[in-house]
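Q: I have a structure I would like to understand better, so I am pasting it below and will then ask my questions one at a time.
2 protein chains.
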Amino acid sequence: MKYTIEDVAKEAGVSITTVSRVINGNYPVKKETRERVEAAIKKLNFQPNLLARSLINKKTFSIGVVIPGLTNMFFTEVVQGIESYMRKYDYDVYISDSRGRVDSEKRRINKFIDRYVDGIILIDPQTENMKNGFIEEVSGKIPIMCINGYHVGVRTNFVLSNEGNGTRQALKYLSELGHENIAFIRGESSFSYDLKEEIYREFSKDKEPLVFFTQDGNNIDVVENTSKLLMEISNAYEIGKEITAFFACNDLMAVGILNGCRELGINVPEDVSVVGFDNIILSQMVNPKLTTVDQNMRLLGEKAAENLINLIQNGSLSCNVETIDTRLIIRSSASKLNY
Amino acid sequence: MKYTIEDVAKEAGVSITTVSRVINGNYPVKKETRERVEAAIKKLNFQPNLLARSLINKKTFSIGVVIPGLTNMFFTEVVQGIESYMRKYDYDVYISDSRGRVDSEKRRINKFIDRYVDGIILIDPQTENMKNGFIEEVSGKIPIMCINGYHVGVRTNFVLSNEGNGTRQALKYLSELGHENIAFIRGESSFSYDLKEEIYREFSKDKEPLVFFTQDGNNIDVVENTSKLLMEISNAYEIGKEITAFFACNDLMAVGILNGCRELGINVPEDVSVVGFDNIILSQMVNPKLTTVDQNMRLLGEKAAENLINLIQNGSLSCNVETIDTRLIIRSSASKLNY
DNA sequence: CTGAAAGCGCTTACAG
DNA sequence: CTGAAAGCGCTTACAG
Numbered sequence: 001m002k003y004t005i006e007d008v009a010k011e012a013g014v015s016i017t018t019v020s021r022v023i024n025g026n027y028p029v030k031k032e033t034r035e036r037v038e039a040a041i042k043k044l045n046f047q048p049n050l051l052a053r054s055l056i057n058k059k060t061f062s063i064g065v066v067i068p069g070l071t072n073m074f075f076t077e078v079v080q081g082i083e084s085y086m087r088k089y090d091y092d093v094y095i096s097d098s099r100g101r102v103d104s105e106k107r108r109i110n111k112f113i114d115r116y117v118d119g120i121i122l123i124d125p126q127t128e129n130m131k132n133g134f135i136e137e138v139s140g141k142i143p144i145m146c147i148n149g150y151h152v153g154v155r156t157n158f159v160l161s162n163e164g165n166g167t168r169q170a171l172k173y174l175s176e177l178g179h180e181n182i183a184f185i186r187g188e189s190s191f192s193y194d195l196k197e198e199i200y201r202e203f204s205k206d207k208e209p210l211v212f213f214t215q216d217g218n219n220i221d222v223v224e225n226t227s228k229l230l231m232e233i234s235n236a237y238e239i240g241k242e243i244t245a246f247f248a249c250n251d252l253m254a255v256g257i258l259n260g261c262r263e264l265g266i267n268v269p270e271d272v273s274v275v276g277f278d279n280i281i282l283s284q285m286v287n288p289k290l291t292t293v294d295q296n297m298r299l300l301g302e303k304a305a306e307n308l309i310n311l312i313q314n315g316s317l318s319c320n321v322e323t324i325d326t327r328l329i330i331r332s333s334a335s336k337l338n339y
Numbered sequence: 001m002k003y004t005i006e007d008v009a010k011e012a013g014v015s016i017t018t019v020s021r022v023i024n025g026n027y028p029v030k031k032e033t034r035e036r037v038e039a040a041i042k043k044l045n046f047q048p049n050l051l052a053r054s055l056i057n058k059k060t061f062s063i064g065v066v067i068p069g070l071t072n073m074f075f076t077e078v079v080q081g082i083e084s085y086m087r088k089y090d091y092d093v094y095i096s097d098s099r100g101r102v103d104s105e106k107r108r109i110n111k112f113i114d115r116y117v118d119g120i121i122l123i124d125p126q127t128e129n130m131k132n133g134f135i136e137e138v139s140g141k142i143p144i145m146c147i148n149g150y151h152v153g154v155r156t157n158f159v160l161s162n163e164g165n166g167t168r169q170a171l172k173y174l175s176e177l178g179h180e181n182i183a184f185i186r187g188e189s190s191f192s193y194d195l196k197e198e199i200y201r202e203f204s205k206d207k208e209p210l211v212f213f214t215q216d217g218n219n220i221d222v223v224e225n226t227s228k229l230l231m232e233i234s235n236a237y238e239i240g241k242e243i244t245a246f247f248a249c250n251d252l253m254a255v256g257i258l259n260g261c262r263e264l265g266i267n268v269p270e271d272v273s274v275v276g277f278d279n280i281i282l283s284q285m286v287n288p289k290l291t292t293v294d295q296n297m298r299l300l301g302e303k304a305a306e307n308l309i310n311l312i313q314n315g316s317l318s319c320n321v322e323t324i325d326t327r328l329i330i331r332s333s334a335s336k337l338n339y
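Quick mapping for you: the protein sequence lines, in order, are chains F and Z. The opening residue of the first sequence carries number 1 in the UniProt record's numbering; numbering runs sequentially from there. The opening residue of the second sequence carries number 1 in the UniProt record's numbering; numbering runs sequentially from there.
Have a look at this one:
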């Protein structure tokens, strides 16, 4: 059915060795011979079997990207950055969705390794897999870049956005607007949430911290879940008084708060201020437009791709960490207290 | 570095044939022997090389999904449906983004074939690749399912949502609200846009059709682009009078109209009505919530996955077409004329 | 029940 | 410059 290198060899009247050489262009071949082989290749529309090739080379010119949720625009925007970089190097990028589950993430990574991708990018890897040594173990086998999700002491490679500083920027901004009673909205488990919470607690150390957990933070469903969470919060606290501002760990959650407020008849930013994180495109599409912290997602993706290519080509599985600055984006979901 | 079947054989004191047999469980092996082999596998943490295996089997237990844009939630929701189905069958799904470009789509498909995926799902394939015979050619080599993008006469397999009928539902609804001057917003090239436009022209046959093109319809950027388009439209037409309603070919465009209206100080739905298409989650997050046509994206994905599995397992590369009904979702972006 | 051998479709020393 | 042969890591008739 599909032609093999042997068919081409026969057609051109040469050995398969020679065919292989003209395909790869890695050894001298007499011009006339080469042309005969090329003609045969064209005639049969021959395409070398990548599986056979990779079996020998251990190279597939492809990379795998594992993301926690396809429906969180944060991740897809990072992937755009990865893809645009990889395209230049003619690497294929394959995306696999772990749904933010520890086991699933392991499985996806192992599958990529089984399929001999040349490297893997992990966006926001599960903390659990950092702690249990899995990521580190895997980093010994194959080039790995992690985007965010840093875990101290794990020997692998990171591109991080400075989420801690971003959190500080946002909190400081709210504080300058006069807000003291700031609620903190986070998802269940992720390094990123833990880190932000730490900063939050530090920041509001003299006050009682108001930390609330919403479910499944990396999926679009979190919007709805956070709206529901707000209903509960509003039963326990007087919004606009006991809580005058929300800091949400990502924009999806912030939009959930916005939607919840609308349902409750609470005006943003007049009655309560809301600040998100990430600056996904959605943050500009809601009303009011979200004040948020930009992570420069494309750059995050591009840097990770760049470093991965280096790792692949130079073979060094060293441990390096690169940090990218965040930027506060002021729009209209937060305003002075008692506006 | 990595152990091979030979290492296991040595460790267990058997031939590689026997090792292979216990791994695959496809031939009888004496219990005692099997246990020895299993112990060796465990001890070495042996994992068979999938490349070598696939080279023989021509099976990889993986499928490829080609989508026109990662940042259009329509596609990612369809993919969710595909994944949830495939998980049950233990097939891996790999996603590749064609950016809605004809050449890129070809390339992605060819790459998947090169890597011996067992089947491919194409979401909204490019019309051009339908017309030029590429999809049909490829369908002869490997099981293919297309989601939407139907093109008459092309021998491949489809799961379609009834977009024509959905368009009619939306248009009829607007008409019943009293709207006669309905503008039609579409992207550049896609079967889906052409089909909808056809219905639109049919529907408004006594009126001058008002068809407007926005750029790059399958990417989140279309939101911004459509807002800009609205500026131009508003220069040429009196919105609220010459145009009293917009029908947008997808929700992203509809949101663009919504945003544009806000900037222009036009109230939706009081001054102008807007109806979208797809019912992506975003349509509930904007204000006013979008009246739109639900395509049941998860079901679309699940059906495609189900059919693909059948194709793969029964080996029939037959041509079948399955249609899924759409449903009008009435929310608050459209209202009676002169509300 | 088990093993030696051929083969999947390539690449790459080695020899000429 | 070219080819025969070994080998990548498996599977599967074939023979016993």
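Heads up, the beta-carbon is just placed ideally off N, CA and C, and yes, glycines get one too.
Can you pull the chain Z residues whose beta carbon is under 8 Å from the beta carbon of Ala52(F), in chain order?
A: Within chain Z, the residues near Ala52(F) are Leu55.
Q: Applying a beta-carbon distance threshold of less than 9 Å, which residues of chain F neighbour Val159(Z)?
A: Near Val159(Z) there are no residues of chain F at all, since even the closest Cβ is about 19 Å away, more than 9 Å.
Q: Looking at chain Z, is there any beta carbon in it that lies within less than 8 Å of the beta carbon of Asn129(F)?
A: No, because no Cβ of chain Z sits closer than 8 Å to the Cβ of Asn129(F).
Q: To which residues of the same chain is Gln215(F) closer than 6 Å at the C-beta, ignoring the five residues directly before and after it?
A: Taken in chain order, the residues that qualify are Asn225.
Q: Contact defined as beta carbons within less than 8 Å: I believe Ala52(Z) pairs with Glu11(Z). What is the distance between those atoms, to the nearest angstrom?
A: Actually they do not touch by this definition, with Cβ atoms about 19 Å apart.
Q: Classify Thr17(Z) as buried or exposed, calling it buried when 16 or more other Cβ atoms lie within 10 Å of its own Cβ.
A: Answer is exposed; the Cβ neighbour count stays below 16.
Q: Using a Cβ cut-off of 7 Å, which residues of the region 78 to 100 of chain Z contact any Cβ in chain F, in chain order?
A: Listed by position along the chain: Val79, Gln80, Glu83, Asp92, Tyr94, Ile95, Ser96, Asp97.
Q: Please determine, among Glu180(F), Val66(F), Gln295(F), the residue with the shortest C-alpha to C-alpha distance to Arg327(F).
A: With distances taken between Cα atoms, Arg327(F) lies closest to Gln295(F).
Q: Return the residue from the list Glu180(Z), Tyr89(Z), Val102(Z), Arg186(Z) that minimises the CA-CA distance to Val211(Z).
A: Answer by Cα proximity: Arg186(Z).
Q: Would you please verify whether the beta carbon of Met285(Z) is less than 8 Å from any beta carbon of chain F?
A: Met285(Z) counts as touching chain F.
Q: Tell me the DSSP secondary structure of Phe213(F) in three-state form.
A: Strand.
Q: Does any residue of chain F bring its CB to less than 8 Å from the CB of residue 380(Z)?
A: Since the first residue of chain Z shown is 1 and the last is 339, residue 380(Z) is not available in this structure.
Q: Could you check what DSSP says for Arg34(Z) in three-state terms: helix, strand or coil?
A: Looking at Arg34(Z) - three-state DSSP - the assignment turns out to be helix.
Q: In terms of DSSP beta bridges, what is Thr127(F) paired with?
A: Looking at the DSSP assignment, Thr127(F) forms no beta bridge with any residue, so it has no partner.
Q: May I have a chain-ordered list of the beta strand (DSSP E) segments no shorter than 3 residues that lie completely inside the region 264 to 329 of chain F?
A: The region 264 to 329 of chain F contains these whole beta strand (DSSP E) runs: 273 to 275, 292 to 294, 321 to 324, 327 to 329.
Q: I want to verify the contact list: residues of chain F whose CB lies under 7 Å from the CB of Thr4(Z), in sequence order.
A: The contacting residues do not exist; Thr4(Z) stays about 12 Å from chain F at best.
Q: Looking at C-alpha atoms only, which residue of Leu311(F), Leu300(F), Asn338(F) is the closest neighbour of Glu77(F)?
A: When each option's Cα is compared against that of Glu77(F), the closest is Leu300(F).
Q: Based on the DSSP secondary-structure assignment, which residues constitute the bridge partners of Gly119(Z)?
A: Answer is Ile63(Z), bridged to Gly119(Z).
Q: Grab the span of the beta strand (DSSP E) containing Tyr94(Z) for me, first residue to last.
A: It spans 92 to 97 - the beta strand (DSSP E) in which Tyr94(Z) sits, taken as one unbroken run.
Q: Under a CB-based cut-off of 8 Å, is Ile220(F) close to chain Z?
A: With 8 Å as the cut-off, Ile220(F) counts as an interface residue toward chain Z.
Q: Would you say Val138(F) lies against chain Z (beta-carbon separation less than 8 Å)?
A: By this cut-off, Val138(F) is not an interface position.
Q: Tell me whether the beta-carbon of Asn259(F) lies closer than 8 Å to the beta-carbon of Val223(F).
A: In this structure, Val223(F) lies closer than 8 Å to Asn259(F) by Cβ.
Q: Quick one: which chain Z residues come within Cβ less than 9 Å of Gln47(F)?
A: Here the neighbours are Asn110, Ile113, Asp114.
Q: Please say whether Val102(F) and Val65(F) have beta carbons closer to each other than 8 Å?
A: Contact: no.
Q: Tell me, which residues are paired with Leu160(F) by DSSP?
A: Paired residue(s): Thr323(F).
Q: Give, in chain order, every residue of the region 54 to 73 of chain F whose Cβ lies closer than 7 Å to some Cβ of chain Z.
A: Taking 7 Å as the Cβ-Cβ cut-off against chain Z, the residues of the region 54 to 73 of chain F that qualify are Ser54, Leu55, Leu70, Thr71, Met73.
Q: For Pro28(F) and Ser15(F), what's the separation of their Cα atoms in angstroms?
A: Cα to Cα, Pro28(F) sits roughly 14 Å from Ser15(F).
Q: Anyone know if the C-beta pair for Gly100(F) and Met130(F) falls short of 8 Å?
A: No. Outside cutoff.
Q: Under a CB-based cut-off of 8 Å, is Arg186(Z) close to chain F?
A: Judged by the 8 Å Cβ criterion, Arg186(Z) is not in contact with chain F.
Q: Would you mind stating whether Asp118(Z) and Ser62(Z) have Cβ atoms separated by less than 8 Å?
A: In this structure, Ser62(Z) lies closer than 8 Å to Asp118(Z) by Cβ.
Q: How is the beta strand (DSSP E) around Ile147(F) delimited, first residue to last?
A: That run of the beta strand (DSSP E) goes 144 to 147.
Q: Nearest CA to the CA of Arg238(Z): which residue from Ile147(Z), Leu264(Z), Gly276(Z)?
A: Contrary to the premise, residue 238(Z) reads as Glu rather than Arg in this sequence. Of Ile147(Z), Leu264(Z), Gly276(Z), the residue nearest in Cα terms is Leu264(Z).
Q: Checking the sheet assignment: what are the DSSP bridge partners for Ala9(Z)?
A: In the DSSP output, where bridge partners are listed per residue, Ala9(Z) has none listed.
Q: Is the CB-CB distance between Gly69(F) and Asn162(F) below 8 Å?
A: No; because the gap between Cβ atoms is not below 8 Å, this pair is not in contact.
Q: At least one CB of chain F closer than 8 Å to the CB of Asn250(Z): is that the case?
A: By this cut-off, Asn250(Z) is not an interface position.
Q: Please state whether DSSP places Ala39(Z) in a helix, a strand or coil.
A: Helix at Ala39(Z).
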